[in-house]
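Quick note, the sequences are listed as chains L and E, same order.
Okay, so the first sequence: first residue is 1 according to the numbering used here, each after it adds one.
Okay, so the second sequence: first residue is 537 according to the numbering used here, each after it adds one.
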Amino acid sequence: MSSEALATTLFLAFVALTLGITFWASRQTKTAADYYAGGRSFSGAQNGLAIGGDYMSAASFLGIAGIIALSGYDGFLYSIGFLVAWLVALLLVAELMRNSGKFTMADVLAFRMSPRPVRTAAGVSTITVSIFYLLAQMVGAGALVGLLLGVTSASGKALTIVGVGALMIVYVVFGGMKGTTWVQIVKAVLLMGGAALITVLVLGHFGFNLSSLLGEAAAQSGKGDAFLNAGGKYGTEAQGLAGKIDLISLGLALVLGTAGLPHILIRFYTVPTAKDARKSVLWGIGIIGVFYLLTLVLGFGAAALVGSKAIAAADKAGNTAAPLLAEAIGKTFFGDVGGTILLALIGAVAFATILAVVAGLTLASSSSFAHDLYAHVFKRGNVSEREEVLVARISAFVIGAVSIGLGILAQGQNVAFLVALAFAVAASGNLPAILYSLFWKRFNTAGAVSAIYGGLVSALILVIFSPVVSGSPTALFKDADFAWFPLSNPGIISIPLGFLCGWLGTVLSKEHNESKYAEIEVRSLTGVGAEKATKH
Amino acid sequence: MTTQEHDASVYEQVQASSEFQDLKRRFRRWTFPMTVAFLTWYLLYVVLSGFARDFMGIKLFGNVNVALVFGLLQFVSTFSIAWAYARHAEKKLDPIADKLRHEVEEKTR
């Protein structure tokens, strides 16, 4: 059996299992709390795994391993930002959100403010961030199938995007949060298992001596010791000062973005209490941290055993580094058959990874559309639970269909910057609004709306006029040049600006509601009146 | 219950109570400085990665250099802070939060 056939078989087994789960979950999904929050009945450990499954995208798995394999140490900078970010979520956001919100990020903001403008802003921001992230994953799926299954025609890639999109729509529309969460749990276990297996084999090959692995990687890369140091990709000496400031800007967006990502925030609602939300983040930090340590070995292992040249020849961005490593190490230990099996395994895991992440994103954006925009803005709260859930399912379908279309249109474009942009928007708009509303008594409607739009718009404008969109050989529009902002990452400007807009909007408006602040402060810290788990 | 007060005023009473103020202080005094600390520590790492590459490239043992050790220390500090917060919350925050929650739920019943 060829590796392609085996990978397809393994992947179809994953699809069959997850469709079974979805069918089971659909029979348990009756109320709005079931659809949006999985009945709030997941344990801390389960939700922690799902957090890992939601967060560890193909970009982190294949992308970071690829960056390390090609450019060395700099991929590790990405991992560290992604991990440290979880402390912001743990210390300042997770428990308080669980105690004071219901289904979406906007619930916390709308608590003590004029609901319609605030929900509109939060809904727009949620859908924008999720679609950016979703689009990056969809285009990635098309590229991945080309590399792993040997599908190179544009129509073959388009068909893959349609397939991934269709599965994601089925998971979300029928399984709701319960189905999506279980898909993410299964994926997290497979991904951790696959990455751990390859890591142990790679380390075993080097006699469990990290230093000799690093030495071999540096030698094979052709870059020597510089391969083990920062500066191979971000803020290279050739890019000068702007490149180094860009690196800091990226670091800021990574570390502050996570706690403002809507698809991450809604995960805190799936557990019964704030203590379980805390436990989920602790589990999440453990899983994600270990995963990034494994990725480090995978990246350097690929450089050492496959070689940077062979990796770059297969894919310029290095996205096939991990699968190629799996094949090479399998061959070393178990012969040709072993190589085929491990390559197929990692390929199937990569697809499972994409599916779980896109499902989480579709759920977050459709929940926000139905709960924030439809139920509270258009219908002013006069809507039955049944109708709201129906609208959520329809919007999941529509958002899924739109992202399939955009994914096909953007095929072959360099859209990797969209992930970093999603983090920048989340850090610049959503995070200030959330933190101010949880901790600042004086904060008000004008402040929340200014923070969200200020952060969102400034991040978008800066990126549109940056080298990632025009005026550079790797830009989205190579032939045009309307770039005036020198950095690829807007965070260093847009994050402070978002916080500033939130402050300015607040002090320029007279509105403030002391008794509502008393309520949210007491509720967020003690859990009084927090939404309970539903029983079946 | 002798008085049937509006919910909001119950919340204001709790907010004004010394127990709640104690809970809020214990929460903020731990999490705010810690947030500043880990963000500073992380930014130091990023800035060194950008501007102090000769220092980051110094080999400590074998092929393991300062950059790698610094990176791994970020993992160690993240795991440690998460663990320390869980302990702090369990011992210092949860008991007061649970007691206040029961009291308010009695009052608003």
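For glycine and all other residues, C-beta sits at the position ideal for the given N, C-alpha and C.
What residues from chain E crowd round residue i, counting only those whose CB sits closer than 8 Å?
i	result
residue 211 (chain L)	597, 598, 599 and 600
residue 80 (chain L)	578, 581, 607, 610 and 611
residue 244 (chain L)	586 and 587
residue 531 (chain L)	Chain E residues near residue 531 (chain L): none, gap ~14 Å exceeds 8 Å.
residue 285 (chain L)	614, 615 and 618
residue 251 (chain L)	578, 579 and 582
Please list the partners that residue i has in chain L, where partner means a Cβ-to-Cβ separation under 9 Å.
i	result
residue 589 (chain E)	226, 229, 230, 231 and 237
residue 603 (chain E)	73, 76, 228, 229 and 230
residue 548 (chain E)	514, 515, 518, 519 and 522
Should residue i go down as buried or exposed, given a rule of 16 or more other Cβ atoms within 10 Å for buried?
i	result
residue 399 (chain L)	buried
residue 538 (chain E)	Here residue 538 (chain E) scores only 37 on pLDDT, less than 50, and its place in the model should not be relied on; the value that follows carries that caveat. By the neighbour-count rule (16 or more Cβ atoms within 10 Å), residue 538 (chain E) is not buried but exposed.
residue 380 (chain L)	exposed
residue 241 (chain L)	exposed
residue 370 (chain L)	buried
residue 539 (chain L)	Since the first residue of chain L shown is 1 and the last is 536, residue 539 (chain L) is not available in this structure.
residue 237 (chain L)	exposed
residue 309 (chain L)	exposed
residue 382 (chain L)	exposed
residue 153 (chain L)	exposed
residue 561 (chain E)	exposed
residue 474 (chain L)	exposed
residue 460 (chain L)	buried
residue 26 (chain L)	buried
residue 218 (chain L)	buried
residue 569 (chain E)	exposed
residue 386 (chain L)	exposed
residue 316 (chain L)	exposed
So, residue i versus residue j, is the Cβ gap smaller than 9 Å?
i	j	result
residue 39 (chain L)	residue 534 (chain L)	yes
residue 444 (chain L)	residue 509 (chain L)	yes
residue 424 (chain L)	residue 436 (chain L)	no
residue 34 (chain L)	residue 156 (chain L)	no
residue 421 (chain L)	residue 168 (chain L)	no
residue 121 (chain L)	residue 433 (chain L)	yes
residue 81 (chain L)	residue 578 (chain E)	yes
residue 492 (chain L)	residue 249 (chain L)	yes
residue 32 (chain L)	residue 388 (chain L)	yes
residue 365 (chain L)	residue 130 (chain L)	yes
residue 45 (chain L)	residue 279 (chain L)	yes
residue 274 (chain L)	residue 106 (chain L)	no
residue 570 (chain L)	residue 343 (chain L)	It is not possible to answer for residue 570 (chain L), since the shown part of chain L is limited to 1 through 536.
residue 123 (chain L)	residue 416 (chain L)	no
residue 517 (chain L)	residue 269 (chain L)	no
residue 220 (chain L)	residue 91 (chain L)	no
Could you tell me how far apart the beta carbons of residue i and residue j are, in whole angstroms, since I believe they sit closer than 8 Å?
i	j	result
residue 483 (chain L)	residue 321 (chain L)	No, residue 483 (chain L) and residue 321 (chain L) are not in contact; Cβ-Cβ is about 30 Å, not under 8 Å.
residue 495 (chain L)	residue 427 (chain L)	5 Å
residue 126 (chain L)	residue 360 (chain L)	No, residue 126 (chain L) and residue 360 (chain L) are not in contact; Cβ-Cβ is about 13 Å, not under 8 Å.
residue 49 (chain L)	residue 188 (chain L)	5 Å
residue 485 (chain L)	residue 465 (chain L)	5 Å
residue 86 (chain L)	residue 266 (chain L)	The Cβ separation is near 16 Å, so there is no contact.
residue 260 (chain L)	residue 431 (chain L)	4 Å
residue 403 (chain L)	residue 138 (chain L)	6 Å
residue 135 (chain L)	residue 406 (chain L)	5 Å
In its own chain, which residues sit with a C-beta less than 6 Å from the C-beta of residue i, not counting the 5 before and 5 after it?
i	result
residue 541 (chain E)	The predicted model places residue 541 (chain E) with a pLDDT of 47, which falls under 50 and marks its position as unreliable, so this point remains unresolved.
residue 471 (chain L)	481 and 483
residue 340 (chain L)	3
residue 429 (chain L)	125, 452, 455, 456 and 498
Note down, in chain order, every chain L residue with its Cβ under 7 Å from the Cβ of residue i.
i	result
residue 558 (chain E)	Simply none; closest approach about 11 Å.
residue 580 (chain E)	Going along chain L, no residue has its Cβ under 7 Å from residue 580 (chain E), so there is no contact; the nearest lies around 11 Å.
residue 637 (chain E)	526, 527 and 528
residue 641 (chain E)	528
Interface residues of chain E around residue i at Cβ under 7 Å?
i	result
residue 278 (chain L)	622 and 625
residue 289 (chain L)	611, 614 and 615
residue 218 (chain L)	599
Name the chain E residues that come within less than 9 Å of residue i, Cβ to Cβ?
i	result
residue 426 (chain L)	None at all; the shortest Cβ gap to chain E is about 16 Å.
In its own chain, which residues sit with a C-beta less than 8 Å from the C-beta of residue i, not counting the 5 before and 5 after it?
i	result
residue 566 (chain E)	621, 624 and 628
residue 613 (chain E)	574 and 577
Identify, in the order they occur along the chain, each residue of the same chain with its Cβ nearer than 7 Å to the Cβ of residue i, setting aside the five sequence neighbours on each side.
i	result
residue 233 (chain L)	67, 71 and 74
residue 546 (chain E)	640, 643 and 644
residue 14 (chain L)	348 and 352
residue 184 (chain L)	50, 53, 54, 356 and 360
residue 300 (chain L)	68, 213, 214 and 217
residue 229 (chain L)	73
Residue i versus chain L: which residues are under 8 Å apart at the beta carbon?
i	result
residue 572 (chain E)	Going along chain L, no residue has its Cβ under 8 Å from residue 572 (chain E), so there is no contact; the nearest lies around 11 Å.
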